[in-house]
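Q: Attaching a single structure in C-alpha cells format; questions to follow.
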Amino acid sequence: MLELKAISKRYGRRLILDQLDLTVKDGEVLAIVGPSGAGKTTLLRCISGLERIDGGQISLDGQVFDPYDNQDKDSVIGVVFQDFQLFPNLSVLDNITLAPMLALKLGKAEAEKQARALLKRLALTGKEALYPYQLSGGQKQRVALARALAMKPKILCYDEPTSALDPDLRQEVEKLILGLKADGMTQIVVTHDLEFAENIADAVKHVDALPEAQ
Amino acid sequence: MDVLASQWHYAWQIMPSLFDGIKMTLSLFFFTLIGSIPLGIIVGLGRASKFKPIRNILGIYVWIMRGTPLLLQLIFVFYGLPIVGIVFQRYDAALFAFIINYAAYFAEIFRGGLQSIDRGQYESAKVLRLTYWQTIKKIVLPQVMKIVLPSIGNEVINLVKDSSLVYVIGLGDLLRAGNVATARDVTLLPLVLVGIGYLLLTAILTLIQHKVEQHYSYYK
Numbered sequence: 001m002l003e004l005k006a007i008s009k010r011y012g013r014r015l016i017l018d019q020l021d022l023t024v025k026d027g028e029v030l031a032i033v034g035p036s037g038a039g040k041t042t043l044l045r046c047i048s049g050l051e052r053i054d055g056g057q058i059s060l061d062g063q064v065f066d067p068y069d070n071q072d073k074d075s076v077i078g079v080v081f082q083d084f085q086l087f088p089n090l091s092v093l094d095n096i097t098l099a100p101m102l103a104l105k106l107g108k109a110e111a112e113k114q115a116r117a118l119l120k121r122l123a124l125t126g127k128e129a130l131y132p133y134q135l136s137g138g139q140k141q142r143v144a145l146a147r148a149l150a151m152k153p154k155i156l157c158y159d160e161p162t163s164a165l166d167p168d169l170r171q172e173v174e175k176l177i178l179g180l181k182a183d184g185m186t187q188i189v190v191t192h193d194l195e196f197a198e199n200i201a202d203a204v205k206h207v208d209a210l211p212e213a214q
Numbered sequence: 001m002d003v004l005a006s007q008w009h010y011a012w013q014i015m016p017s018l019f020d021g022i023k024m025t026l027s028l029f030f031f032t033l034i035g036s037i038p039l040g041i042i043v044g045l046g047r048a049s050k051f052k053p054i055r056n057i058l059g060i061y062v063w064i065m066r067g068t069p070l071l072l073q074l075i076f077v078f079y080g081l082p083i084v085g086i087v088f089q090r091y092d093a094a095l096f097a098f099i100i101n102y103a104a105y106f107a108e109i110f111r112g113g114l115q116s117i118d119r120g121q122y123e124s125a126k127v128l129r130l131t132y133w134q135t136i137k138k139i140v141l142p143q144v145m146k147i148v149l150p151s152i153g154n155e156v157i158n159l160v161k162d163s164s165l166v167y168v169i170g171l172g173d174l175l176r177a178g179n180v181a182t183a184r185d186v187t188l189l190p191l192v193l194v195g196i197g198y199l200l201l202t203a204i205l206t207l208i209q210h211k212v213e214q215h216y217s218y219y220k
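Just so you know, the sequences run in chain order A and B.
Take the first sequence: its position 41, counted from the start at 1, is 41 in full-length UniProt numbering, and no numbers get skipped.
Take the second sequence: its position 62, counted from the start at 1, is 62 in full-length UniProt numbering, and no numbers get skipped.
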C-alpha cells in the first residue's frame, strides 16, 4: 500500500501541490485526473522519485521512504512515460534487459529469458532485434511497459498513456492495464481522459489547479 | 625526359627524410587523440554539470585554450613553464600542449552533444535504477558519439595540419622536413610532396570517419 500524507511541492515560488493526501491499495488501479497544469504529472513525478517533495510524507507498505533517494531494489516504482523514452541506441531486447542486468545483477541469459516472456505476453514476439525507431507508437508503449515490468516494480505509473496514441488504441491500453491488474499489479494512471479513467480505475483522484497567486 | 628522370631521382632521395617527418606527424596525431578525446569527454561532462564552480573553472580553461593561438601555447609550454620549474622534453611539451588544446575543443563539441540528449533519457534511466555512470556509459555517450561524429571528424583533420606547428619548438615533422629540403636544394618539389602527404593522410581519415559514421547508422 502506498500512502501520501500532506504532500507539498513547489517549483520556485509557485506552489503546485498543497497538502495532498493519497492512498493506493495493493492491486488497485488509481486514476489521477484533472485539467492540464493541475499538477497531475508533478504528483506522479514525486511518487516515482523524479522530483523531491518539499513537505509531507510518503510511505510504502507502512515504511516511510523517500522515492527521490531510494535505491532499494525491492521497492521499485516503474514508470511508463508519455513519450516512452525508450533508449534509441539499444534494441528492443537490450532496452528491456539493460536495467535488470545492471541494477538487479541478473545474468544475461536469465534477463533475456524474462524479457522474452514479457515480450510474448505483450504480443511483441519477433521484435527483439528491432530498434525503437522501427516501432509504431503502440509497440513503443508496450516495450516501455515491458522494460518497466522487467524491474519487478511494486507499483507501476503511467503518464498520460493514451495521449501519444491513435484514439482507437485506447481500448488496447485499457486491456493491458486491466490484464496487469488481474495479475495483482498496483497501478497509478495519470490521464485527462475521464472516460478512460472510468473504464480502468478502482479509485479516481481529482487534482485541481491551485490559485495562481502565491 | 632527362628532367623528369632527375626529378624522380631527387624525390626518391629526399623520401627518407620526409618519412621521418611523417612519423613525427603521425605520432603527435595519434597520441594527441588518445589523450584529448577522453579528457574532452570529462571536461564536457563537467561543463554540463550542475555545479557552478566546476562549470566556471572549466569555462575559463576552455576560454584560454580556444582564445589564444596554439602556436603561442606551444611556446609557453616549452619555453615558459621551465621558468616555474616544469621542464618538458620537446616532444612531451608538444604533446602536452596539443592534448590540453584539443581537449578544450572536444569538450565544447561533447557539451553540445550532451545537451542535445533529452532529459527524459536520464529520467527513464533513473527510474530503472541505473547509476549516473551507467547512464552515461550505456545510454548517453553512445547517443552523443553519433551526434558529435561529424564535428569530431572536422577537428581530427585540423589536428593533422596543426601538428605542423611543432616546428616552433624545434621538432621535425613532415612540413619541416619539406622546408629543410626546399631551402637546401632551392626547389619547390619537396613542398609539393609534403602537400600530397597531407592530402593522403586526410583522405585516409575521411574514409575512416565515413566508416565510423556508418557503424553508428544502425539506429536513428
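Every residue, glycine too, gets a C-beta built ideally from N, C-alpha and C.
Between the Cα of Gly138 of chain A and those of A:Lys154, A:Lys105, A:Phe81, spot the shortest distance and give me the residue it belongs to.
A: A:Phe81
Q: In its own chain, which residues sit with a C-beta less than 7 Å from the C-beta of Tyr91 of chain B, not counting the 5 before and 5 after it?
A: Leu171
Q: Roughly how many angstroms separate the alpha carbons of Leu174 of chain B and Val148 of chain B, rounded to a whole number?
A: The alpha-carbon separation between Leu174 of chain B and Val148 of chain B amounts to approximately 29 Å.
Q: Beta carbon of Leu81 of chain B: closer than 8 Å to some heavy atom of the ligand PLP?
A: The ligand PLP is not part of the structure shown, which contains no ligands of any sort.
Q: Return the Cβ separation of Gln85 of chain A and Gln121 of chain B in integer angstroms, given the expectation that the two are a contact with Cβ distance under 8 Å.
A: 6 Å
Q: What is the DSSP secondary structure of Ala213 of chain A, counted as helix, strand or coil?
A: Confidence at Ala213 of chain A is low in this model, with a pLDDT of 47, below 50, so its placement is unreliable and no value can be given for it.
Q: Taking its Cβ as the centre, do 16 or more other Cβ atoms sit within 10 Å of Ala123 of chain A, making it buried, or is it exposed?
A: Only exposed fits Ala123 of chain A, as fewer than 16 other CB atoms lie within 10 angstroms of its CB.
Q: Can you name, in chain order, every residue of its own chain whose Cβ lies under 7 Å from the Cβ of Leu39 of chain B, other than the five neighbours on each side?
A: Ile99, Ala103
Q: DSSP has Asp92 of chain B in a bridge; who is on the other side?
A: DSSP lists no partner for Asp92 of chain B.
Q: Assuming Gln187 of chain A contacts Val29 of chain A under a Cβ cut-off of 8 Å, what Cβ separation, rounded to an integer in Å, is found between them?
A: 5 Å
Q: So, Ile200 of chain A versus Glu172 of chain A, is the Cβ gap smaller than 9 Å?
A: no
Q: Give every residue of the same chain whose Cβ lies closer than 6 Å to the Cβ of Gly113 of chain B, excluding the five residues on either side of it in the sequence, and list them in chain order.
A: Val144, Ile147, Val148
Q: So, are the CB atoms of Ile58 of chain A and Ile7 of chain A less than 9 Å apart?
A: yes
Q: Give the DSSP-derived three-state secondary structure of Gln7 of chain B in the structure shown.
A: helix
Q: For Ala5 of chain B, count the other beta carbons within 10 Å of its own beta carbon; 16 or more makes it buried, fewer makes it exposed. Which is it?
A: exposed
Q: How about Leu130 of chain B: is its C-beta nearer than 9 Å to some C-beta of chain A?
A: yes
Q: Taking its Cβ as the centre, do 16 or more other Cβ atoms sit within 10 Å of Asp166 of chain A, making it buried, or is it exposed?
A: Residue burial annotation: Asp166 of chain A is exposed, with fewer than 16 other C-beta atoms found within 10 angstroms of its C-beta.
Q: Can you give the beta carbon distance from Ala129 of chain A to Ser91 of chain A, rounded, assuming they're within the 8 Å contact cut?
A: 5 Å
Q: Please classify Lys40 of chain A as buried or exposed, where buried requires at least 16 neighbouring CB atoms within 10 angstroms.
A: So Lys40 of chain A counts as buried.
Q: Check this for me: beta carbons of Leu18 of chain B and Ala181 of chain B, under 9 Å apart or not?
A: With a cutoff of 9 Å on beta-carbon distance, Leu18 of chain B and Ala181 of chain B are scored as near each other.
Q: What's the C-alpha gap between Ile41 of chain B and Met65 of chain B?
A: 16 Å
Q: Hey, is Asp54 of chain A's beta-carbon within less than 9 Å of any beta-carbon in chain B?
A: no
Q: Could you check the C-alpha separation between Gln214 of chain A and Asp83 of chain A for me, to the nearest Å?
A: Only weak support exists for where Gln214 of chain A lies, its pLDDT of 45 falling under 50; the coordinates are left without a value.
Q: Straight-line CA distance for Gln13 of chain B to Phe76 of chain B?
A: 36 Å
Q: Kindly indicate which residue of A:Gly34, A:Glu110, A:Pro132, A:Ala144 has the alpha-carbon position closest to the one of Asp193 of chain A.
A: Minimum Cα distance to Asp193 of chain A is reached at A:Gly34.
Q: Ignore the nearest five residues each way along the sequence and tell me which others in Val189 of chain A's own chain have a CB closer than 6 Å to its CB.
A: Around Val189 of chain A: Ala31, Tyr158.
Q: On the three-state DSSP scale, how would you describe Asp66 of chain A?
A: coil
Q: Flag this pair as touching only if the region 68 to 85 of chain B and the region 48 to 56 of chain B have three or more C-beta atom pairs under 8 Å; answer yes or no.
A: no
Q: Any beta carbon of chain B sitting closer than 9 Å to that of residue 254 of chain A?
A: For residue 254 of chain A there is no data in the structure shown, the boundaries of chain A being 1 and 214.
Q: Of all the options A:Gln19, A:Val143, A:Ala99, A:Gly126, which has the alpha carbon lying nearest to the alpha carbon of Ile53 of chain A?
A: Shortest Cα-Cα distance from Ile53 of chain A to any of A:Gln19, A:Val143, A:Ala99, A:Gly126 involves A:Gln19.
Q: Which value, in whole angstroms, describes the spacing of the CA atoms of Pro100 of chain A and Lys205 of chain A?
A: 32 Å
Q: Taking the C-alpha atoms as reference points, what is the distance between Asp162 of chain B and Ala125 of chain B?
A: 40 Å
Q: Nearest-angstrom Cα distance between Pro161 of chain A and Ala182 of chain A?
A: 19 Å
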